[in-house]
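In this note's numbering, the protein residues as written are 69 to 658.
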């Protein structure tokens, strides 16, 4: 069902990439980016002491805010996720930072805000040279601290978290994990960002929070301010600033209609994901945090097809211990038992740069030191994780997934380390499933072309379309200037996926898909027709994908997939699928 307004009236209209479905109507909360507005005008000599006092007061206030955030985040999502605030506290405790700022106020006659801002700018440009370990952290940490302290100096002493009102729509240039780790999902009604796409951190977070979101809006933050009333349509990528009453009424009605559709979808959540002619498709969910396991059950998921373990490493100074990881994995495994939980080993690098693993600056980080490459070169990091996952396998149905495999030698080396982890656990007399299923993610074209060989060495294959599409189409999925080229319905992508599934099935190997393509309703029929065994999607998308599966005849889906593979452009594929879906599923939005 496509709902169209006769006339949309708003102060500004933006059209980006829809990344999480739904409609949010409310006030914007603009999270300032790198460029904080400050006065660069010099102060008078008789104002120096007052500015220094203002600076020290701001530091004290922000420290109190960080302490509150630390406690709150520990309580909500665990100690490991709260360590980002300990890092920020350490930055503010650094005597060099404090001394340099005061010196700049005295000698350069700069305001407290300008002095602090300038000092952090200088530190950021000298990260590679400074001996101050805390300033080797990612630029986003310096940005967070700079934003909070400068705002406080300028008189806004409101803590970011406590200042959020109900139904706040977060607007930002971009959202990094450190920005979002402490967000209270109960105070968020949507996300809108200038950059990013369906696979960006903010998009994945929005689907996890079950709120609508749009990315790739480019200049939104230049035209919006906090408390502006906005409409965010995560179904088509529209963001409207200060709409008129008629437009508001239209979108309220549209949201009511969508709510009715979603209510109908929840009625099938406990029914099997089975086609009309009896073919079962395993339908699982992707999660990032342990507490999301409840969402999986609430939406009728029958397992976890991708448990991203990366959050245990991000936003903390030290590495998580084996015991700490074991406790987190065990929580999810026990909650989902007897359903399977596929745990992906560490996949950092690229756009995820943890503070506790040294990753040098790279020209092409997505092609560099990341994922399994880190794990194989740093077994002191990899072995504790393997042992933690193995121990969790004693409490339920656990499968182990290795990311970014690009060669058979990498897979062989990975399996050797897995056997070493098993041997160590046997010596320590710790229980685990010695026959745990292992799988390889197919997300590198090189791996896709040797799927037959990889399938001989693993129990299952998981297609990671987020990176696979990026690498195949040579598109940086985080670059808004080329994001329009990123499309998982590209004919080359469809052909590659067909080849992967066929090669694995010829070896008797099960194939799942955990990338965002798995949750794209326009791709569902094609994937069913290509004989995919499992689809793992964001929990909130489970009912919609299940509805499509249950209303589909497998033989018909096979014909649709065959036809889709004959087209030469994305536009042709989309037009063909959209027409079919709109005829067959008039109560859904495509």
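No residue lacks a Cβ here, since even glycine has one placed at the ideal position from N, Cα and C. The structure displayed is predicted, hence computed values, not measured ones.
N- and C-terminal bounds of the alpha helix (DSSP H) containing residue i
{"i": "residue 571", "result": "559–574"}
{"i": "residue 409", "result": "No alpha helix (DSSP H) holds residue 409; the beta strand (DSSP E) holding it covers 409–412."}
{"i": "residue 386", "result": "From DSSP, residue 386 is part of no alpha helix (DSSP H); its letter is neither H nor E."}
{"i": "residue 540", "result": "533–541"}
{"i": "residue 485", "result": "476–495"}
{"i": "residue 362", "result": "361–366"}
{"i": "residue 172", "result": "163–176"}
{"i": "residue 444", "result": "440–445"}
{"i": "residue 591", "result": "589–597"}
{"i": "residue 400", "result": "390–404"}
{"i": "residue 610", "result": "610–618"}
{"i": "residue 461", "result": "Counting along the chain, residue 461 falls outside any alpha helix (DSSP H), and DSSP gives it neither H nor E."}
{"i": "residue 381", "result": "First-last for residue 381: undefined, no H or E at that position."}
{"i": "residue 106", "result": "Unbroken run through residue 106: none, as it is neither H nor E."}
{"i": "residue 435", "result": "No alpha helix (DSSP H) contains residue 435, which DSSP labels as neither H nor E."}
Nonlocal neighbours in the same chain, by C-beta distance under 6 Å from residue i, ignoring five residues either side
{"i": "residue 126", "result": "217, 220, 221"}
{"i": "residue 344", "result": "621"}
{"i": "residue 645", "result": "590"}
{"i": "residue 530", "result": "469, 507, 509, 580, 582"}
{"i": "residue 403", "result": "361"}
{"i": "residue 503", "result": "none"}
{"i": "residue 641", "result": "557, 632, 635"}
{"i": "residue 638", "result": "555, 557, 558"}
{"i": "residue 538", "result": "545"}
{"i": "residue 304", "result": "86"}
{"i": "residue 481", "result": "444"}
Chain-order list of residues whose beta-carbon lies under 7 Å from that of residue i (same chain, five-residue window excluded)
{"i": "residue 563", "result": "633"}
{"i": "residue 648", "result": "628"}
{"i": "residue 356", "result": "272, 276, 376, 379"}
{"i": "residue 88", "result": "271, 274, 275, 279, 280, 281, 302"}
{"i": "residue 447", "result": "485"}
{"i": "residue 291", "result": "80, 309"}
{"i": "residue 369", "result": "351, 352, 353, 607, 610"}
{"i": "residue 333", "result": "611, 612, 615"}
{"i": "residue 102", "result": "Unreliable positioning characterises residue 102 in this predicted model, as indicated by a pLDDT of 43, which lies under 50. A coordinate reading is not provided."}
Span of the beta strand (DSSP E), counted from its first residue to its last, around residue i
{"i": "residue 376", "result": "372–376"}
{"i": "residue 86", "result": "85–88"}
Contacting residues, own chain, Cβ-Cβ under 8 Å from residue i (five flanking each side not counted)
{"i": "residue 406", "result": "464, 465"}
{"i": "residue 652", "result": "619"}
{"i": "residue 451", "result": "485, 488, 489, 492"}
{"i": "residue 286", "result": "82, 84, 262, 263, 548"}
{"i": "residue 568", "result": "510, 516, 519, 529, 531, 579"}
{"i": "residue 335", "result": "none"}
{"i": "residue 575", "result": "520, 523, 524"}
{"i": "residue 320", "result": "93"}
Beta-carbon separation (whole angstroms), residue i vs residue j, contact threshold 8 Å
{"i": "residue 237", "j": "residue 84", "result": "Wrong, their Cβ atoms sit about 14 Å apart, outside the cutoff."}
{"i": "residue 614", "j": "residue 180", "result": "Wrong, their Cβ atoms sit about 56 Å apart, outside the cutoff."}
{"i": "residue 607", "j": "residue 367", "result": "5 Å"}
{"i": "residue 352", "j": "residue 289", "result": "That belief does not hold up - the Cβ atoms of residue 352 and residue 289 are roughly 36 Å apart, past 8 Å."}
{"i": "residue 177", "j": "residue 120", "result": "Contact flag wrong, Cβ pair sits at about 12 Å."}
{"i": "residue 604", "j": "residue 572", "result": "No, residue 604 and residue 572 are not in contact; Cβ-Cβ is about 16 Å, not under 8 Å."}
{"i": "residue 108", "j": "residue 182", "result": "6 Å"}
{"i": "residue 439", "j": "residue 471", "result": "4 Å"}
{"i": "residue 437", "j": "residue 414", "result": "The Cβ separation is near 12 Å, so there is no contact."}
{"i": "residue 152", "j": "residue 323", "result": "About 34 Å separates the two Cβ atoms, so there is no contact after all."}
{"i": "residue 157", "j": "residue 131", "result": "6 Å"}
Per DSSP, the bridge partner or partners of residue i
{"i": "residue 455", "result": "Its beta-bridge partners do not exist; DSSP assigns none."}
{"i": "residue 297", "result": "95"}
{"i": "residue 467", "result": "410, 505"}
{"i": "residue 80", "result": "309"}
{"i": "residue 634", "result": "Bridge partners of residue 634: none, in fact."}
{"i": "residue 342", "result": "348"}
{"i": "residue 602", "result": "350, 580"}
{"i": "residue 261", "result": "240"}
{"i": "residue 355", "result": "375"}
{"i": "residue 282", "result": "86, 260"}
{"i": "residue 510", "result": "531"}
Residue i Cβ short of 6 Å to the ligand MN heavy atom set
{"i": "residue 120", "result": "Although the ligand MN was asked about, the structure shown includes no ligands whatsoever."}
field: Cβ contact check for the segment 349–364 and the segment 393–408: 3 or more pairs under 8 Å
entry: Cβ pair count under 8 Å is three or more, so yes.
message: Quick check: the segment 591–605 against the segment 299–319, are at least 3 beta-carbon pairs closer than 8 Å?
response: The count of Cβ pairs closer than 8 Å, one atom from the segment 299–319 and one from the segment 591–605, stays below three, leaving the stretches out of contact.
- prompt: Between the segment 495–503 and the segment 542–557, are three or more C-beta pairs nearer than 8 Å?
  reply: The answer is no - the segment 542–557 does not touch the segment 495–503, with fewer than three Cβ pairs under 8 Å.
- request: Give a yes or no on contact between the segment 475–494 and the segment 438–457, applying the rule of three or more CB pairs nearer than 8 Å.
  value: With three or more CB-CB distances shorter than 8 Å, the segment 475–494 counts as touching the segment 438–457.
message: Under 8 Å: do the segment 254–261 and the segment 114–130 share three or more Cβ pairs, one atom per stretch?
response: Short answer: they don't touch.
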